[in-house]
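Enquirer: Residue numbers (full-length UniProt numbering): 1 to 591.
Ideal Cβ positions, reconstructed from N, Cα and C, are used throughout, including at glycine.
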């Protein structure tokens, strides 16, 4: 039962409701005399460990919190001391954060993109740079997805570190592990009471892993050990002797650099970890290259190579794709039916095509459509970007291309999706680089008859005219599909899909929304819905209304101008040559 009750007055603050309850403290949303929202943390001094007080008997969290002035850290506002039921309490008042914890975000969205995870972790690292560089450095000691708030009060999400209940000065004698600390986020040395900036960096590595894959690193069921703290720690430590699993090696934008960064941050050897938050941040931003750890660090190097292995895509398939009905029908008959009924197709001498080319303006969903195509087909899928085939060594790229196709054949049937394929198979007539020409030759050789081996190549590009012409002939990227900006019916479906899992008011006119967003691409429509949700949250309206959606549309504009659209349509016409009746009727699929 909460210590404070709703509407209770505490030295000028009015309690609104309980936000969080812990072993030693409770956090409430309160209002000040002007009606401003704030957070109030009520700390029971009788339940604190002796190390949570400074040499003068003051609550250490309060003394540390007073120093915190950084946009990525919760901001101190006030403090007071209370006597309640004969016990002493210290209250710390913080600025209100209009948003949710990273844990709540992950629960709501069920997934986190690489881009979003990087943004959150970068904010946390910037906050740590601040406290680690105090004249008397502070170690947070409890960085988890529960202790990172995402401030949604502006268009840009701002991560903020909260809850400094376990924070200590680096020169302080700790000597204990407090109950309630998440063991999956705890660095090995911390189990022995040893803390340093690198202890926090291990926790940030665990945070990054958890955001990307939905579970903490080395996760296991600890329910059998909850009553025995020592046994629980032993179980966690033993679990870390096994290789760290990369749970979704084909996650969009999850490259070797990021995987190596995760391994380095989670190294059990403190000397192999990042030395500072700044170094970790530079690795995250690609400013410094992170190499695979040496073979001596066996725990953290096991699965980097496994990123080449295709995985089976699971999801709703074409049901998640708004509109594009004709394209879906054509791909179903041209490709998916052959994949799903190989024996009947083989009897007629039919095989899956060697390659498809998705081309058109940027932001119109080529990558998303390829992923949903793989889900609809129900076969293995691998996403490949330029850096996956790049190499600093002469002919090194050729070896990587060959390895990608070899792995695909071993896991056939497999879809290999090459994003920005124009950068990988550039027109050789415009090249002077012998190594790049060799990579194009290797790619073309691998494309030949790959469909008969159960490998389907899909390439996506905004620049089809820059692809080597030999790659576009029959037997290679033989089926070509123009992915245009969404038409009216598709835009209407996109609004329905983006709003279906959100609280919306009655009377949303999807037809009107589609009319108001002519020439908007799919990314624009998602952004409109997201911004409308944030405005609704900020105004405490409860539900997204038609008025809010129209308000956002009025202040936005399409990402792609009409001139750019016409330019891509001209490229399409030039690229295709003579249009067929089929092309004129559907304006989507082309053979």
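Express the C-alpha separation of residue 317 and residue 125 in angstroms, rounding to a whole number.
Expert: Residue numbering aside, residue 125 sits at position 125 when the chain shown is read from its first letter. Residue numbering aside, residue 317 sits at position 317 when the chain shown is read from its first letter. Their backbone Cα atoms lie some 37 Å apart in a straight line.
Enquirer: Classify residue 171: buried if its beta carbon has 16 or more other beta carbons within 10 angstroms, exposed otherwise.
Expert: As a first step, residue 171 is located in the chain shown; it is residue number 171 there, counting from the start. Label assigned to residue 171: exposed.
Enquirer: Is it buried or exposed, residue 19, if we count other Cβ atoms within 10 angstroms and call 16 or more buried?
Expert: Within the chain shown, the letter at position 19 stands for residue 19. It counts as exposed.
Enquirer: Suppose you measure from the CA of residue 297 to the CA of residue 236; what does that come to, to the nearest Å?
Expert: Along the chain shown, one-based indexing puts residue 297 at 297. Along the chain shown, one-based indexing puts residue 236 at 236. No answer about residue 297 holds up, because its pLDDT of 41 lies below 50 and its placement is not dependable.
Enquirer: Return the residue from the list 412, 153, 139, 480 that minimises the CA-CA distance to residue 196.
Expert: Along the chain shown, read from residue 1 onward, the residue named residue 196 stands at position 196. For the residues 412, 153, 139, 480, the minimum Cα distance to residue 196 belongs to 139.
Enquirer: Tell me, which residues are paired with residue 159 by DSSP?
Expert: Here the question's residue 159 lines up with position 159 in the chain shown. Per DSSP, 150.
Enquirer: Using only CA atoms, which one of 30, 158, 58, 90 lies nearest to residue 70?
Expert: Start at 1 with the first residue of the chain shown, and residue 70 comes out as number 70. Of the listed residues, the one whose Cα sits closest to residue 70 is 158.
Enquirer: Buried or exposed for residue 469, going by 16 or more other Cβ atoms inside 10 Å?
Expert: The count along the chain shown starts at 1 and reaches residue 469 at position 469. So residue 469 ends up on the exposed side.
Enquirer: I'd like to know if the stretch 129-149 and the stretch 498-515 are in contact, where contact means that at least 3 CB-CB pairs between them fall below 8 Å.
Expert: no
Enquirer: What residue range is occupied by the uninterrupted beta strand (DSSP E) comprising residue 455?
Expert: The residue given as residue 455 occupies position 455 in the chain shown. Residue 455 -> beta strand (DSSP E) spans 455-461.
Enquirer: From residue 194 to residue 80, what distance separates their C-alpha atoms?
Expert: As a position in the chain shown, residue 194 is number 194, starting the count at 1. As a position in the chain shown, residue 80 is number 80, starting the count at 1. Spanning the two alpha carbons is a distance of roughly 32 Å.
Enquirer: Around the C-beta of residue 498, are 16 or more other C-beta atoms found within 10 angstroms, so that it is buried, or is it exposed?
Expert: As a working mapping, residue 498 is identified with position 498 in the chain shown. Classification of residue 498: buried, given that the 10 Å Cβ count is 16 or more.
Enquirer: Given a threshold of 16 other Cβ atoms within 10 Å of its Cβ, counted over all protein chains shown, does residue 154 qualify as buried or as exposed?
Expert: Position 154 of the chain shown, counted from the first residue, corresponds to residue 154. Exposed: under 16 other Cβ atoms inside 10 Å.
Enquirer: Among 207, 400, 27, which has the Cα closest to the Cα of residue 122?
Expert: Walking along the chain shown from the start, residue 122 turns up at place 122. Nearest to residue 122 by C-alpha distance, out of 207, 400, 27, is 207.
Enquirer: Could you tell me if residue 333 is buried or exposed, where buried requires 16 or more neighbouring beta carbons within 10 angstroms of its beta carbon?
Expert: By 1-based counting over the chain shown, the position of residue 333 is 333. So residue 333 ends up on the exposed side.
Enquirer: Name, in chain order, the residues that DSSP records as bridge partners for residue 18.
Expert: Counting from one through the chain shown, the residue named residue 18 turns up at place 18. The partner list for residue 18 (beta bridge, DSSP) reads 28.
Enquirer: Using the three-state DSSP reduction, which class does residue 588 fall into: helix, strand or coil?
Expert: Start at 1 with the first residue of the chain shown, and residue 588 comes out as number 588. Caution applies to residue 588, whose pLDDT of 34 falls short of 50 and renders its modelled position unreliable; the model cannot decide the point.
Enquirer: For the alpha helix (DSSP H) containing residue 247, list its first residue and its last residue.
Expert: Residue mapping note: residue 247 aligns to position 247 of the chain shown, counting from 1. That residue, residue 247, is in no alpha helix (DSSP H); it is neither H nor E in DSSP.
Enquirer: If you follow the alpha helix (DSSP H) that residue 213 is part of, which residue opens it and which one closes it?
Expert: Counting from one through the chain shown, the residue named residue 213 turns up at place 213. Element bounds for residue 213: 197-213.
Enquirer: Express the C-alpha separation of residue 569 and residue 592 in angstroms, rounding to a whole number.
Expert: Residue 592 is absent from the model: the chain starts at 1 and stops at 591.
Enquirer: With a CB to CB cut of under 8 Å and the five nearest residues on each side skipped, what residues in its chain are close to residue 6?
Expert: The count along the chain shown starts at 1 and reaches residue 6 at position 6. These residues qualify, in order along the chain: 15, 16, 17.
Enquirer: Using the Cα positions of residue 214 and residue 203, report the straight-line distance between them to the nearest angstrom.
Expert: Indexing the chain shown from 1 puts residue 214 at position 214. Indexing the chain shown from 1 puts residue 203 at position 203. The alpha-carbon separation between residue 214 and residue 203 amounts to approximately 15 Å.
Enquirer: Cutting at 6 Å between CB atoms, please list the residues of its own chain near residue 65, excluding the five before and the five after it.
Expert: Numbered from its first residue, the chain shown carries residue 65 at position 65. Counting only Cβ-Cβ distances below 6 Å, and skipping sequence neighbours, we find 76, 92, 164.
Enquirer: Taking 8 Å as the cut-off, decide whether the C-beta atoms of residue 359 and residue 483 are in contact.
Expert: On the chain shown, residue 359 is found 359 positions in, with the first residue counted as 1. On the chain shown, residue 483 is found 483 positions in, with the first residue counted as 1. For residue 359 and residue 483, yes; Cβs fall inside 8 Å.
Enquirer: Closest to residue 276 by CA distance: which of 67, 265, 260 is it?
Expert: Within the chain shown, numbered from 1, the residue matching residue 276 stands at position 276. With distances taken between Cα atoms, residue 276 lies closest to 265.
Enquirer: Where DSSP assigns a beta bridge to residue 91, which residues make up the other side?
Expert: As a working mapping, residue 91 is identified with position 91 in the chain shown. Residue 91 pairs with 42, 80.
Enquirer: Skipping 5 residues on each side, what residues in its chain have a beta carbon closer than 6 Å to that of residue 288?
Expert: If you number the chain shown from 1, residue 288 lands on position 288. Cβ neighbours of residue 288 beyond the five flanking positions: 282.
Enquirer: Is the stretch 406-420 close to the stretch 447-457, with three or more CB pairs under 8 Å?
Expert: Because the criterion of three Cβ pairs below 8 Å is met, the stretch 406-420 and the stretch 447-457 touch.
Enquirer: Which residues mark the beginning and the end of the beta strand (DSSP E) in which residue 357 is found?
Expert: Against the chain shown, residue 357 aligns to sequence position 357. Per DSSP, the continuous beta strand (DSSP E) segment holding residue 357 begins and ends at 355-359.
Enquirer: Please state whether the Cβ-Cβ distance between residue 114 and residue 142 is less than 8 Å.
Expert: Residue numbering aside, residue 114 sits at position 114 when the chain shown is read from its first letter. Residue numbering aside, residue 142 sits at position 142 when the chain shown is read from its first letter. Against a cut-off of 8 Å, the Cβ pair of residue 142 and residue 114 comes out as no contact.
Enquirer: Taking Cβ positions, are residue 222 and residue 232 nearer each other than 8 Å?
Expert: Numbered from 1 along the chain shown, position 222 holds the residue referred to as residue 222. Numbered from 1 along the chain shown, position 232 holds the residue referred to as residue 232. In contact: residue 222 and residue 232 (Cβ atoms closer than 8 Å).
Enquirer: Using 8 Å as the Cβ pair cut-off and three pairs as the minimum, do the stretch 45-58 and the stretch 84-101 touch?
Expert: yes
Enquirer: Please state if the CB of residue 134 and the CB of residue 67 are separated by a distance shorter than 8 Å.
Expert: Taking the chain shown and counting its residues from 1, the one referred to as residue 67 is at position 67. Taking the chain shown and counting its residues from 1, the one referred to as residue 134 is at position 134. The Cβ atoms of residue 67 and residue 134 lie closer than 8 Å to each other.
Enquirer: What does a CB cutoff of less than 8 Å around residue 533 pick up in its chain, not counting 5 residues either side in sequence?
Expert: Here residue 533 refers to the residue found at position 533 when the chain shown is read from its first residue. The answer, listed in chain order, is 502, 544.
Enquirer: Rounded to whole angstroms, what is the Cα-Cα separation between residue 9 and residue 111?
Expert: Residue mapping note: residue 9 aligns to position 9 of the chain shown, counting from 1. Residue mapping note: residue 111 aligns to position 111 of the chain shown, counting from 1. Straight-line Cα distance between these residues: approximately 40 Å.
Enquirer: For the alpha helix (DSSP H) containing residue 492, list its first residue and its last residue.
Expert: The sequence position of residue 492 within the chain shown is 492, counting from 1. Boundaries of the alpha helix (DSSP H) harbouring residue 492: 488-499, taken from the DSSP string.
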